[in-house]
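Asker: Residue numbers (my numbering): 329 to 1008. Every residue, glycine too, gets a C-beta built ideally from N, C-alpha and C. Computed from a prediction, not measured in an experiment: that's the story for all the values here.
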């Protein structure tokens, strides 16, 4: 008996293990959608390895083409397009339509006989033009095919392939260089195939709860990857017919993209609700809605997860909509022991999906999870322990470790993590004397979608008189953009003895540069809002300490030239009218000082000052003499109150005033214009 009992004890684990495995392997999701729906697929890519996509946003600016330059008398493949990894389902009976733009050049037209083959897995269907030989006129036109499709079952992972075949092409009235081009893949050349098939699969996950929060997750699977969230419209979840508000959290799943909505229960307890998920695959197309599915969950009193789902997987940095990016920076140019020093401070503020990813990453600092992206795994744990990690809060030690390690990792983090070009944004880190990083959580330490600001400070020495890039387009253009829009506000300052010569941003659309020069230094502001990720710009300047460009010395030199010109003009116009001279002095001085303040090149400012001084001298020389000499001598002061005499001209008898008591005095007769000298 003892031996039998021991044997039973040894067999007991084998009895229970399969039961445990089955429990762990039990499905925790339910397929809730989607049946076949009408979808238009645009043809993209090259003729040899083209692809199909339902999103017009994937169309380029320039079309792809397949050129037929010689008459075709036997069947040949023109182009092939493929959509991989379809989902299991049923393709109903129907007619699929294909439209292809074509262009005939250097010929009166062409007689064409094209066919298309549509392969769904191993099932192949053929379509042809309405007539065996169709005439296509010169220039652009569109040819269409109807392909009858029989009801068939689609296996999981099958491909959809479209092959265009040319049987005959004969040019009418051909000339040198006659050809027919099939166009696709661009705005204005939208080749497409439209049909009814299952393009999306939705799986509803078990509801998770945390306090009063319930997290309803749905895995979206499609052949289109992250493009599904990037370019589709109206993705929403309804509970009992009411749309759940707030932005969902998106994470990459093994078999699709998990989208999780947070529902906060106002009346905690057991709830049974109907779930519906709606998505519109294409703008202007019909919505795809899952069948209503009942879910039961229990919520409790308390704050729960704070109104936001905390995923176990790394969240997506973008689902295609992109996040808002704000860059606020400053640069200060000064001298230190005879060398030019440029100090930079760049504050990068993230919002939306990117800020949530950033906060989630900070809460996983030092994690050894191999599923994490290399950007997160590059940070060491340092002083971060298991208590702080994955606590749904960003602890002070996590922030300190991030700031400390970013001193060496800032280049790779900006590049690989945020999709930015570090050298173009903050300068060449290899030239930095010092670099420091600080993190601002904007008053909220929770792992939620809330702004985060990373500030990078650096100090570097720059060559005197060498043209450098202060900042240039720094966003890496992504097929699925990280950034929906961005703005910049960059302030530049110099000391009174340094200057940014040739400061210019070129013809960058949406950006403005305001450059000013003051006695104690120059200042400039580069600003722009709601900018596109594809904008190109380059802010350049040549830092220098040359006296010819130093603001303080330029001002002193300008004032010296103006003062010298004014003194010369004043001396020349001693006995002349000065009203015109004074008007010019005021106006030209204002113009010259405005050129100084608005940071015109110093040579222009000096040239304007010298020209003004020259004009004043000429004006002083040509100004008319005053009608009466000003009393400047002591004798004039004595005779100031004596009446002035008159006398009659000996030649014509005209009575003339004697304008002065000075003798001898020469005057001109007002009657005969003869010169008269009065001796006594």
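1) Could you give the first and the last residue of the continuous beta strand (DSSP E) run that contains residue 821?
2) Excluding five sequence neighbours on each side, which residues of the same chain lie with their C-beta closer than 7 Å to the C-beta of residue 875?
3) Measuring alpha carbon to alpha carbon, tell me which residue in 409, 452, 505 is nearest residue 492.
4) With a Cβ-Cβ cutoff of 8 Å, do residue 897 and residue 945 count as a contact?
5) Given this structure, state the Cα-to-Cα distance separating residue 595 from residue 539, to the nearest angstrom.
6) Hey, residue 485 and residue 432: beta-carbon distance below 8 Å or not?
7) Could you tell me which of 551, 536, 542, 479 sits nearest to residue 488, measuring between CA atoms?
8) Quick one: any contact between the segment 838-847 and the segment 772-788, if contact means 3 or more CB pairs under 8 Å?
9) Whole angstroms is fine: what's the gap from residue 700's alpha carbon to residue 555's?
10) Which residue spans inside the segment 476-517 form an unbroken beta strand (DSSP E) run of at least 3?
11) Output the boundary residues of the beta strand (DSSP E) element that contains residue 784.
12) Determine the DSSP secondary structure at residue 461, reduced to helix, strand or coil.
13) Leaving out the 5 sequence neighbours to the left and right, which residues in its chain are closer than 8 Å to residue 663 when beta-carbon positions are compared?
14) Once the 5 residues before and after residue 953 are set aside, which same chain residues still bring their CB inside 7 Å of it?
15) Do the segment 856-874 and the segment 813-820 touch if we need at least three Cβ pairs shorter than 8 Å?
16) Just to confirm the assignment, what range does the beta strand (DSSP E) spanning residue 899 have?
17) For residue 406, which of 938, 396, 717 has the nearest alpha-carbon?
18) Taking the alpha-carbon of residue 888 as reference, which of 936, 850, 855 has the nearest alpha-carbon?
19) Note the first and the last residue of the continuous alpha helix (DSSP H) segment covering residue 943.
20) Please go through the same chain and pick out, in chain order, the residues whose beta-carbon is closer than 6 Å to the beta-carbon of residue 995, but skip the five residues on each side of it.
21) In this structure, how does DSSP classify residue 559 when only helix, strand and coil are distinguished?
22) Strictly by DSSP, which residues pair up with residue 473?
23) Who are the Cβ neighbours of residue 460 in its own chain at under 8 Å, not counting the five residues just before and after it?
24) Which residue or residues does DSSP assign as beta-bridge partners of residue 871?
25) Classify residue 616 as buried or exposed, calling it buried when 16 or more other Cβ atoms lie within 10 Å of its own Cβ.
26) Could you give the distance in angstroms between the alpha-carbon of residue 627 and the alpha-carbon of residue 357?
27) To the nearest angstrom, how far is it from the Cα of residue 346 to the Cα of residue 710?
28) Is it right to say residue 513 is buried, meaning 16 or more other beta carbons lie within 10 angstroms of its own, or is it exposed?
29) Just verifying my parser: in three-state terms, what is the DSSP assignment at residue 843?
30) With burial defined as no fewer than 16 other Cβ atoms inside 10 Å of the residue's Cβ, what is the status of residue 1000: buried or exposed?
31) In three-state terms, what does DSSP make of residue 599?
32) I'd like to know if the segment 790-798 and the segment 689-704 are in contact, where contact means that at least 3 CB-CB pairs between them fall below 8 Å.
33) Is the distance from the Cβ of residue 767 to the Cβ of residue 717 below 8 Å?
34) Going along the chain, which residues of its own chain have a beta-carbon closer than 7 Å to the beta-carbon of residue 561, five neighbours each way excluded?
35) Write down the C-beta distance between residue 504 and residue 529 rounded to the nearest angstrom, noting that I regard them as a contact closer than 8 Å.
36) When burial is assigned at 16 or more other CB atoms within 10 Å of the CB, is residue 931 buried or exposed?
Answerer: The answer reads as follows:
1) Taken as a continuous stretch (DSSP letters only), the beta strand (DSSP E) holding residue 821 covers 811-822.
2) Hits under 7 Å: 881.
3) Answer by Cα proximity: 409.
4) Yes, the Cβ-Cβ distance between residue 897 and residue 945 is below 8 Å.
5) For residue 595 and residue 539, the gap between their C-alpha atoms comes out near 11 Å.
6) Going by C-beta atoms, residue 485 is not nearer than 8 Å to residue 432.
7) In terms of Cα proximity to residue 488, the closest of 551, 536, 542, 479 is 551.
8) No, they do not touch.
9) In a straight line, the C-alpha of residue 700 is about 21 Å away from that of residue 555.
10) Correct list: 480-482, 488-500, 507-512.
11) Start and end: 780-790.
12) DSSP, read as helix, strand or coil, puts residue 461 in coil.
13) Around residue 663: 669, 823, 825, 826, 873.
14) Around residue 953: 903, 904.
15) As far as the Cβ criterion goes, the segment 856-874 touches the segment 813-820, which means the pair count is three or higher.
16) Where residue 899 is concerned, there is no enclosing beta strand (DSSP E), although the alpha helix (DSSP H) it sits in stretches over 879-900.
17) Cα-wise, what sits closest to residue 406 is 396.
18) Closest by alpha carbon: 936.
19) Element bounds for residue 943: 930-950.
20) Excluding positions up to five away in sequence, the list reads 1004.
21) Residue 559: helix per DSSP, three-state reduction.
22) Note: residue 473 sits in a beta bridge opposite 426.
23) Here the set comprises 441.
24) BP columns for residue 871 point to 828.
25) Classified as buried, residue 616 has 16 or more neighbouring CB atoms from the shown chains inside 10 Å of its CB.
26) Each residue's alpha carbon lies about 20 Å from the other.
27) In this prediction, residue 346 scores a pLDDT of 35, lower than 50, which makes its location untrustworthy; the coordinate-derived value is nonetheless stated afterwards. The alpha-carbon atoms of residue 346 and residue 710 are separated by roughly 42 Å.
28) Buried, because 16 or more other Cβ atoms sit within 10 Å of the Cβ of residue 513.
29) Strand at residue 843.
30) By the neighbour-count rule (16 or more Cβ atoms within 10 Å), residue 1000 is not buried but exposed.
31) If DSSP states are grouped into helix, strand and coil, residue 599 belongs with the strands.
32) Under the three-pair Cβ rule at 8 Å, the segment 790-798 does not count as touching the segment 689-704.
33) No, the pair does not count as a contact, with Cβ atoms beyond the cut-off.
34) So the list reads 608, 611, once near-sequence residues are dropped.
35) Cβ-Cβ separation between residue 504 and residue 529: approximately 54 Å, too far for a contact (criterion under 8 Å).
36) By the 16-neighbour rule on beta-carbons within 10 angstroms, residue 931 is exposed.
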